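Each protein sequence line maps, in turn, to chains A and B.
Its first residue numbered 18, the first sequence is counted upward by one per residue in our numbering.
Its first residue numbered 18, the second sequence is counted upward by one per residue in our numbering.
Glycine residues also receive a C-beta, built at the ideal position from the N, C-alpha and C atoms.
Nothing here was measured: the structure is a model prediction, and the numbers come from that model.
To keep things clear, I will list the structure first and then write my remarks on it.
Number of protein chains: 2
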Amino acid sequence: MTPAQRAVLADLDPVLGGRGISTDQAVIAPWLTDWRGRFRGRAAALLSPADTGQVRAVVAAAARHRVPLVPQGGNTSMVGGATPEEDGAAMILSLRRLDRVRRVDAGAMQATVEAGVILDRLQAAAGGAGLRFPLTLGARGTATVGGLVSTNAGGTQVLRFGTMRGLTLGVEAVLADGSLHDGTAALKKDNRGYDLDGLMVGAEGTLGIVTAATLRLVPAVAARTVAWAAVPDPDAALALLRRFQRAGDAVESFELIPADTLAAALAYLPAARAPVAASHPWHVLVEATSPDAERTPGTMVEAVLAEAMDDGLVVAATIAADERQADAFWAIRDTLSAAERARGPAAQHDVSVPVAAMPRFVVEAAAAVEARFPGTTAGGFGHLGDGNIHFHVRAPAGADAARWYAEDAPAATRFVHDLVVAAGGSIAAEHGIGRMKAGELDRLGPPSRLAAMRAIKAALDPLGILNPSKLMALAPSLPRP
Amino acid sequence: MTPAQRAVLADLDPVLGGRGISTDQAVIAPWLTDWRGRFRGRAAALLSPADTGQVRAVVAAAARHRVPLVPQGGNTSMVGGATPEEDGAAMILSLRRLDRVRRVDAGAMQATVEAGVILDRLQAAAGGAGLRFPLTLGARGTATVGGLVSTNAGGTQVLRFGTMRGLTLGVEAVLADGSLHDGTAALKKDNRGYDLDGLMVGAEGTLGIVTAATLRLVPAVAARTVAWAAVPDPDAALALLRRFQRAGDAVESFELIPADTLAAALAYLPAARAPVAASHPWHVLVEATSPDAERTPGTMVEAVLAEAMDDGLVVAATIAADERQADAFWAIRDTLSAAERARGPAAQHDVSVPVAAMPRFVVEAAAAVEARFPGTTAGGFGHLGDGNIHFHVRAPAGADAARWYAEDAPAATRFVHDLVVAAGGSIAAEHGIGRMKAGELDRLGPPSRLAAMRAIKAALDPLGILNPSKLMALAPSLPRP
Numbered sequence: 018m019t020p021a022q023r024a025v026l027a028d029l030d031p032v033l034g035g036r037g038i039s040t041d042q043a044v045i046a047p048w049l050t051d052w053r054g055r056f057r058g059r060a061a062a063l064l065s066p067a068d069t070g071q072v073r074a075v076v077a078a079a080a081r082h083r084v085p086l087v088p089q090g091g092n093t094s095m096v097g098g099a100t101p102e103e104d105g106a107a108m109i110l111s112l113r114r115l116d117r118v119r120r121v122d123a124g125a126m127q128a129t130v131e132a133g134v135i136l137d138r139l140q141a142a143a144g145g146a147g148l149r150f151p152l153t154l155g156a157r158g159t160a161t162v163g164g165l166v167s168t169n170a171g172g173t174q175v176l177r178f179g180t181m182r183g184l185t186l187g188v189e190a191v192l193a194d195g196s197l198h199d200g201t202a203a204l205k206k207d208n209r210g211y212d213l214d215g216l217m218v219g220a221e222g223t224l225g226i227v228t229a230a231t232l233r234l235v236p237a238v239a240a241r242t243v244a245w246a247a248v249p250d251p252d253a254a255l256a257l258l259r260r261f262q263r264a265g266d267a268v269e270s271f272e273l274i275p276a277d278t279l280a281a282a283l284a285y286l287p288a289a290r291a292p293v294a295a296s297h298p299w300h301v302l303v304e305a306t307s308p309d310a311e312r313t314p315g316t317m318v319e320a321v322l323a324e325a326m327d328d329g330l331v332v333a334a335t336i337a338a339d340e341r342q343a344d345a346f347w348a349i350r351d352t353l354s355a356a357e358r359a360r361g362p363a364a365q366h367d368v369s370v371p372v373a374a375m376p377r378f379v380v381e382a383a384a385a386v387e388a389r390f391p392g393t394t395a396g397g398f399g400h401l402g403d404g405n406i407h408f409h410v411r412a413p414a415g416a417d418a419a420r421w422y423a424e425d426a427p428a429a430t431r432f433v434h435d436l437v438v439a440a441g442g443s444i445a446a447e448h449g450i451g452r453m454k455a456g457e458l459d460r461l462g463p464p465s466r467l468a469a470m471r472a473i474k475a476a477l478d479p480l481g482i483l484n485p486s487k488l489m490a491l492a493p494s495l496p497r498p
Numbered sequence: 018m019t020p021a022q023r024a025v026l027a028d029l030d031p032v033l034g035g036r037g038i039s040t041d042q043a044v045i046a047p048w049l050t051d052w053r054g055r056f057r058g059r060a061a062a063l064l065s066p067a068d069t070g071q072v073r074a075v076v077a078a079a080a081r082h083r084v085p086l087v088p089q090g091g092n093t094s095m096v097g098g099a100t101p102e103e104d105g106a107a108m109i110l111s112l113r114r115l116d117r118v119r120r121v122d123a124g125a126m127q128a129t130v131e132a133g134v135i136l137d138r139l140q141a142a143a144g145g146a147g148l149r150f151p152l153t154l155g156a157r158g159t160a161t162v163g164g165l166v167s168t169n170a171g172g173t174q175v176l177r178f179g180t181m182r183g184l185t186l187g188v189e190a191v192l193a194d195g196s197l198h199d200g201t202a203a204l205k206k207d208n209r210g211y212d213l214d215g216l217m218v219g220a221e222g223t224l225g226i227v228t229a230a231t232l233r234l235v236p237a238v239a240a241r242t243v244a245w246a247a248v249p250d251p252d253a254a255l256a257l258l259r260r261f262q263r264a265g266d267a268v269e270s271f272e273l274i275p276a277d278t279l280a281a282a283l284a285y286l287p288a289a290r291a292p293v294a295a296s297h298p299w300h301v302l303v304e305a306t307s308p309d310a311e312r313t314p315g316t317m318v319e320a321v322l323a324e325a326m327d328d329g330l331v332v333a334a335t336i337a338a339d340e341r342q343a344d345a346f347w348a349i350r351d352t353l354s355a356a357e358r359a360r361g362p363a364a365q366h367d368v369s370v371p372v373a374a375m376p377r378f379v380v381e382a383a384a385a386v387e388a389r390f391p392g393t394t395a396g397g398f399g400h401l402g403d404g405n406i407h408f409h410v411r412a413p414a415g416a417d418a419a420r421w422y423a424e425d426a427p428a429a430t431r432f433v434h435d436l437v438v439a440a441g442g443s444i445a446a447e448h449g450i451g452r453m454k455a456g457e458l459d460r461l462g463p464p465s466r467l468a469a470m471r472a473i474k475a476a477l478d479p480l481g482i483l484n485p486s487k488l489m490a491l492a493p494s495l496p497r498p
């Protein structure tokens with residue numbers, strides 16, 4: 018431990034008490050590795066403040082002694098966003114003890130919750146008020162609100178209510194000098210200058226430590242209709258989505274799945290059956306909901322699908338007969354990532370392009386990758402309505418996994434990212450930049466955006482103590498004693 | 018003209034050509050005063066670039082020679098946000114010639130338009146595609162998109178679709194060094210770090226010059242229902258709003274009007290008649306819409322009002338029988354500001370508090386002001402659903418206007434702002450800070466917010482050339498040659 022680190026702990030000992038500080042490496046170890054086991058780091062201490070006031074004390078002490086902090090919630094980052102660096106300079110700042118649901122206001126359809134509240138608890142709290150929190154994702158039993166806000170999390174239900182940015186009405190955050198920004202009042206109209214709350218969303222803990230947020234709740238789902246359709250190509254899928262959207266705003270999910278990926282999922286889930294013949298080249302999963310049990314979206318979904326079949330946009334379709342069947346459709350979708358991983362070494366990319374460009378992109382990018390890297394198999398699936406594709410490049414059959422990951426996969430990733438940039442898209446759609454993509458962000462800019470981000474980072478965290486090397490690996494390095 | 022100003026014009030002459038530069042004070046004069054005639058300034062030149070490239074050249078030249086720029090659209094700021102300073106150091110940068118509707122994508126329900134496009138033209142362009150741009154306000158025939166974005170404009174239709182922040186999907190802006198940030202692709206998922214687009218919204222031109230924006234469009238209104246109801250008190254009004262909101266998301270406006278203000282409007286509009294007896298103490302104007310002509314919101318509005326009457330939340334109500342009557346109800350609402358002004362000298366405040374706090378605030382703040390400033394009459398009306406109140410303090414009868422505005426009005430304003438801060442609200446709800454409220458923002462903070470804003474301003478506009486003295490009068494002054 019460095020003298021500066023010792024000084025931080027000495028300052029914090031009377032504030033945090035026994036439960037708040039751990040230097041036991043056995044306790045710390047689980048938090049030194051990311052969710053997927055790709056990144057490892059070191060940390061001399063795990064700081065676990067119990068409330069916002071203690072977080073302020075932690076940040077102030079860290080600033081005083083120039084010791085970096087790596088904020089952590091459920092540690093479910095897909096890009097190493099919560100893993101400390103290997104140099105051991107930083108301490109981990111866990112927000113998990115800030116786990117109070119401060120307020121659920123059913124009338125205003127808002128909840129103010131602390132950073133450590135786990136997503137499924139937030140969903141339950143909303144449900145308890147007869148409402149729901151509409152964002153959901155695979156890690157819902159582990160991911161925390163602070164992380165969801167800080168990474169602008171997405172998921173499968175973004176189409177209608179947006180990502181966390183659209184659902185976050187106000188943020189409470191401890192700034193780099195230990196001062197507090199409190200936006201939890203979530204005023205509907207507030208034009209006192211710059212949108213600090215919005216700036217904290219998706220900043221990956223590099224501009225401030227999110228300690229609480231006021232979130233938008235929406236009416237509970239009283240009825241849902243889940244349908245599966247086969248379409249001739251991605252253009253038809255987009256045309257179908259537009260028809261659903263013109264018919265109202267009931268559609269909450271619209272997932273595009275190529276036959277190849279579907280086949281992998283069916284092989285992975287032996288009990289599963291294809292909702293329609295798996296031989297069709299492209300498939301979509303559609304979910305529509307209604308807050309009114311007496312006005313189910315089934316009629317609308319059926320009418321849109323019937324008309325689309327008449328017009329050749331849909332070649333086969335089925336509507337889940339009951340909740341059990343609806344869950345079975347979703348189980349196929351939810352297993353796509355695992356099924357793809359089971360097929361062998363692959364470079365996975367979470368990217369986005371403008372929605373209108375996605376049908377062409379998924380086809381042309383796959384062809385371009387396969388031509389450039391002979392033997393690979395490339396393809397995308399995902400959230401068509403958001404322009405968000407999970408684009409995978411699988412290693413050639415028989416490739417040596419270690420060597421492929423070390424040599425060919427990075428080249429394929431750069432190639433895919435170049436295609437994304439050429440299509441006007443983003444190399445980080447919903448998983449963020451973290452440690453994993455910091456180099457690629459630096460490479461692909463755009464420069465004006467990077468320069469502005471660097472300036473903002475230096476302005477709000479002049480000592481560089483907040484989640485160093487994440488996102489802003491590009492930040493000019495600042496002297497530390 | 019200073020040597021630096023001459024150097025800017027010499028640099029720009031070959032770029033902007035004859036139409037792009039004016040130093041004729043007769044031409045410049047109309048743009049030296051704000052909309053309400055409260056602020057005056059001087060400017061050696063009016064720069065009118067024709068496209069984004071020319072704006073970049075203007076900003077680069079201004080940076081090179083350290084000459085400040087005051088961006089201007091329709092010059093309809095309510096807070097002197099587009100008026101140059103009296104010292105004549107700045108040039109006016111008019112965005113009015115950037116007036117192209119670049120793209121209306123009906124499928125994606127988006128429009129990309131340049132900064133100089135006037136609001137009613139944007140509305141017409143959306144209408145031409147069978148859609149609508151839902152935000153509207155009194156200055157719709159003059160206000161431009163650049164100003165609407167830069168001030169995060171609100172208006173009477175914010176309840177359902179939000180302010181400009183909620184409607185702005187991406188921004189194109191020239192940064193302070195002349196570089197370009199282009200967010201008009203408006204990716205639905207983009208987690209490449211800080212939300213620069215969002216940061217430009219409401220920044221009042223102090224962080225960058227907005228040259229275009231991609232905006233959200235929504236389904237056209239096929240049917241609307243406009244109702245007028247008398248309620249016993251503001252608490253009942255809020256309870257009524259909540260009932261409407263639980264019945265779906267059809268309600269787009271919900272305006273609260275006290276009897277006193279209504280009486281002033283009826284006196285001001287001799288042909289107008291009160292929709293229900295004007296003697297009731299509080300009134301609300303409700304508008305609900307539907308995109309489907311066959312599903313008018315009338316049944317819902319009628320049912321909610323009937324039940325509210327049974328429960329004592331509403332004491333009288335009427336639904337406009339046709340469009341003509343609906344317009345007549347709105348004409349009363351739209352004349353409230355003018356009618357209030359006609360009553361004599363008054364200090365007007367555009368403030369907000371949390372929605373749940375508004376019913377109590379409008380009553381208690383009025384009483385507190387009248388007690389503190391004997392002879393004055395105070396009251397609020399406005400957008401209850403947004404927590405946004407236009408709160409007026411009228412001078413005592415017979416007061417000398419000039420003296421009252423010079424002495425008592427500022428004291429009343431500080432008192433009102435103190436009450437707003439105590440209620441957890443904002444001293445700038447929808448009109449922004451501009452020149453008018455910069456001092457009050459500095460006084461009332463909060464300090465952590467001001468410090469963060471100052472740091473961001475210095476980071477993104479280190480030379481202080483973008484709209485100086487607006488919003489960030491609090492910015493540390495920077496040396497200029």
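- In the structure shown, the three-state DSSP call for residue 471 (chain A) is helix.
- Contact between residue 327 (chain B) and residue 446 (chain B) is absent: CB atoms are separated by about 34 Å, not below the 8 Å threshold.
- DSSP, read as helix, strand or coil, puts residue 114 (chain B) in coil.
- Per DSSP, residue 480 (chain B) lies in no beta strand (DSSP E) segment and is marked neither H nor E.
- In the structure shown, residue 140 (chain B) adopts helical secondary structure according to DSSP, grouped into three states.
- Contact annotation: in the region 19 to 32 of chain B, no residue has its CB less than 7 Å from a CB in chain A.
- With the criterion set as a beta carbon lying under 7 Å from some beta carbon of chain A, the members of the region 194 to 223 of chain B are 196, 197, 198, 202, 204, 205, 206, 207, 208, 209, 210, 211, 212, 213, 215, 216, 218, 219 and 220, in sequence order.
- With respect to the 9 Å criterion, residue 379 (chain B) and residue 402 (chain B) are not classified as neighbours on the basis of their beta carbons.
- For residue 169 (chain B), the CB contacts under 7 Å within the same chain, skipping 5 residues up- and downstream, are 180, 181, 182, 218 and 219 in chain order.
- For residue 226 (chain A) against residue 88 (chain A), the beta-carbon gap comes to about 5 Å, under 8 Å, which counts as contact.
- Among the bridge pairs identified by DSSP, residue 236 (chain B) is matched with B:148.
- Our two residues, residue 477 (chain B) and residue 487 (chain A), have alpha carbons roughly 21 Å apart in a direct line.
- Scanning its chain for C-beta atoms nearer than 7 Å, with the 5 sequence neighbours on each side dropped, one finds around residue 32 (chain B) the residues 71 and 74, in chain order.
- Neighbours of residue 234 (chain A) in chain B, taken as residues whose beta carbon is under 7 Å from its own, are absent, since the nearest beta carbon is some 12 Å off.
- Around residue 136 (chain A), no beta-carbon contact reaches into chain B at under 9 Å, the shortest distance being about 17 Å.
- Proximity of chain A to residue 450 (chain B) at the Cβ level (cut-off 9 Å) is accounted for by 208, 209 and 210, in chain order.
- Considering only A:376, A:265, A:291 and A:80, the residue with the shortest C-alpha distance to residue 306 (chain A) is A:265.
- For residue 486 (chain A), the secondary structure class from DSSP, reduced to helix, strand or coil, is coil.
- Chain order gives the chain A residues near residue 403 (chain B) as 204, 205 and 206, where near means a beta carbon separation below 9 Å.
- It is roughly 10 Å from the alpha-carbon of residue 343 (chain A) to the alpha-carbon of residue 292 (chain A).
- Proximity of chain A to residue 354 (chain B) at the Cβ level (cut-off 8 Å) is not reached, the minimal Cβ distance being about 16 Å.
- Straight across, the Cα-Cα distance linking residue 209 (chain B) with residue 279 (chain A) is about 30 Å.
- Spanning the alpha carbons of residue 106 (chain B) and residue 49 (chain B) requires a straight line of approximately 13 Å.
- The contact set of residue 470 (chain A) on chain B, defined by CB atoms closer than 7 Å, consists of 210 and 211 in chain order.
- The beta carbon of residue 443 (chain B) sits closer than 9 Å to some beta carbon of chain A.
- Taking 8 Å as the cut-off between beta carbons, the residues of the region 120 to 133 of chain B near chain A are 122, 124, 125 and 126, in sequence order.
- Residues are counted here when their Cβ sits less than 8 Å from a Cβ of chain B; for the region 267 to 280 of chain A the count is zero.
- DSSP places residue 425 (chain A) within a helical segment (H, G or I) once states are collapsed to three.
- In this chain, residue 398 (chain B) is not harboured by any alpha helix (DSSP H); it is covered by the beta strand (DSSP E) spanning 394 to 400.
- Distance check between residue 153 (chain B) and each of B:164, B:145, B:140 and B:144 places B:140 closest, using alpha-carbon atoms only.
- When B:390, B:240, B:385 and B:300 are compared, the shortest CA-CA separation from residue 316 (chain B) is found for B:240.
- Under the 9 Å criterion on CB atoms, residue 97 (chain B) is classed as non-interfacial with respect to chain A.
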